[in-house]
Amino acid sequence: MDYYHYFDGIVIMRQTYREKDMLVKILTRDHGKLMFFLRNAQQSNHPLTAATQVFTRATFLGHIHQNGFSFLKDSHDIKPATIVLNDVKAQAVLAYLTQLTDAVMDDHIVNKTVFQLLWDAIEAINNGVDAEVILRFFEIKILRYYGVEVEWQHCVICNRDTDLVDFSIQKHGCLCKNHLDEDEYRMQLSRKALYVARQLALVSSPKQIGSIQLSSETTSELRRLFDTIMDEYVGIRLKSKKFLDQMVEWETLMQKREQD
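With this note's numbering applied, the sequence shown corresponds to residues 3 to 262, in that order.
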């Protein structure tokens with residue numbers, strides 16, 4: 003006998019399957035990450051088309067299997083990321099965030115904190131918060147689920163919480179002005195970039211971030227810091243990250259041309 007359940011979920015992947023069907027991966031709040039099979043879902047008038055777009059949150063009615071595909075029957079309370087879908091940069095950032103989430107979450111493993119973290123990021127970007135800022139916030143918060151601990155608020159050598167002036171990849175945290183010589187390969191960050199990173203580490207939700215205006219130099223430094231952190235500590239290669247990097251390179255090239 004089939005049992006159907008209502009559940010809250012965020013669509014993190016959607017791909018064609020066979021000639022007419024679709025596979026949809028949903029991070030659910032109460033059942034973990036699941037793959038759903040949708041018959042004839044490539045038809046434009048399919049009743050679940052709107053609810054199964056990527057970055058969309060909805061309440062679904064479905065049949066959940068512990069092995070193989072699960073199935074969807076209905077949906078309501080659909081919350082689409084409408085603004086995001088008209089912003090290529092925001093799409094690229096969220097594609098990366100969803101892939102980071104996908105990579106760290108095993109199927110059927112429930113983690114309501116990660117679920118809320120991803121949705122808060124989607125909602126913040128959809129509400130106009132700088133996608134780059136949300137990206138850095140998300141990377142800081144997701145690190146712990148990859149088994150990575152970073153010290154943002156104290157010097158990793160002496161534990162002081164003042165005069166923190168740089169970051170050490172080797173030491174997994176900040177260095178104060180008295181211990182810069184502990185790592186000759188420290189990041190050489192500006193104080194502004196380190197300050198922003200430390201403030202983002204203190205924030206528990208994107209709703210607390212508000213409007214942050216960063217210079218291109220600070221944005222670039224934060225990108226360098228977190229690219230290094232993710233490469234050295236996490237070490238996964240995602241297609242979405244490669245695309246995002248290419249987009250950043252293109253933006254940088256266009257800015258240089260405008261300046262010339």
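Don't be surprised by glycine CBs; every beta carbon is placed ideally from N, CA and C.
Which whole-angstrom value is the C-beta distance of residue i and residue j, which I expect to be below 8 Å?
{"i": "residue 196", "j": "residue 166", "result": "7 Å"}
{"i": "residue 40", "j": "residue 15", "result": "Actually they are not in contact, since the Cβ atoms of residue 40 and residue 15 sit about 13 Å apart, beyond 8 Å."}
In terms of DSSP beta bridges, what is residue i paired with?
{"i": "residue 23", "result": "19"}
{"i": "residue 91", "result": "DSSP lists no partner for residue 91."}
{"i": "residue 229", "result": "Answer by DSSP bridge pairing: none, since residue 229 is not bridged."}
{"i": "residue 37", "result": "27"}
{"i": "residue 60", "result": "11"}
{"i": "residue 76", "result": "63"}
{"i": "residue 241", "result": "Paired residue(s): none; residue 241 is not in a bridge."}
{"i": "residue 81", "result": "59"}
To the nearest angstrom, report how far apart residue i and residue j are at their CA atoms.
{"i": "residue 3", "j": "residue 94", "result": "Summary for residue 3: the model assigns pLDDT 41, below 50, so the residue's position carries little reliability, and this model does not support an answer."}
{"i": "residue 60", "j": "residue 77", "result": "7 Å"}
{"i": "residue 255", "j": "residue 44", "result": "38 Å"}
{"i": "residue 36", "j": "residue 13", "result": "10 Å"}
{"i": "residue 199", "j": "residue 178", "result": "15 Å"}
{"i": "residue 54", "j": "residue 26", "result": "7 Å"}
{"i": "residue 238", "j": "residue 246", "result": "15 Å"}
{"i": "residue 137", "j": "residue 193", "result": "20 Å"}
{"i": "residue 42", "j": "residue 175", "result": "51 Å"}
{"i": "residue 20", "j": "residue 38", "result": "14 Å"}
{"i": "residue 106", "j": "residue 118", "result": "15 Å"}
Inter-stretch contact (C-beta, 8 Å, three-pair minimum) for the stretch 95-104 and the stretch 153-160: no
Hey, is the stretch 187-194 in contact with the stretch 205-214, meaning 3+ C-beta pairs nearer than 8 Å? no
Scan the stretch 105-193 and note each continuous beta strand (DSSP E) run of 3 residues or more that stays entirely inside, going in chain order. 153-157, 166-170, 175-178, all fully within the stretch 105-193.
For the stretch 72-88 against the stretch 228-244, are there 3 or more C-beta pairs whose distance is under 8 Å? no
Count the C-beta pairs between the stretch 140-148 and the stretch 68-76 that are closer than 8 Å, then say yes if the count reaches three, no if not. no
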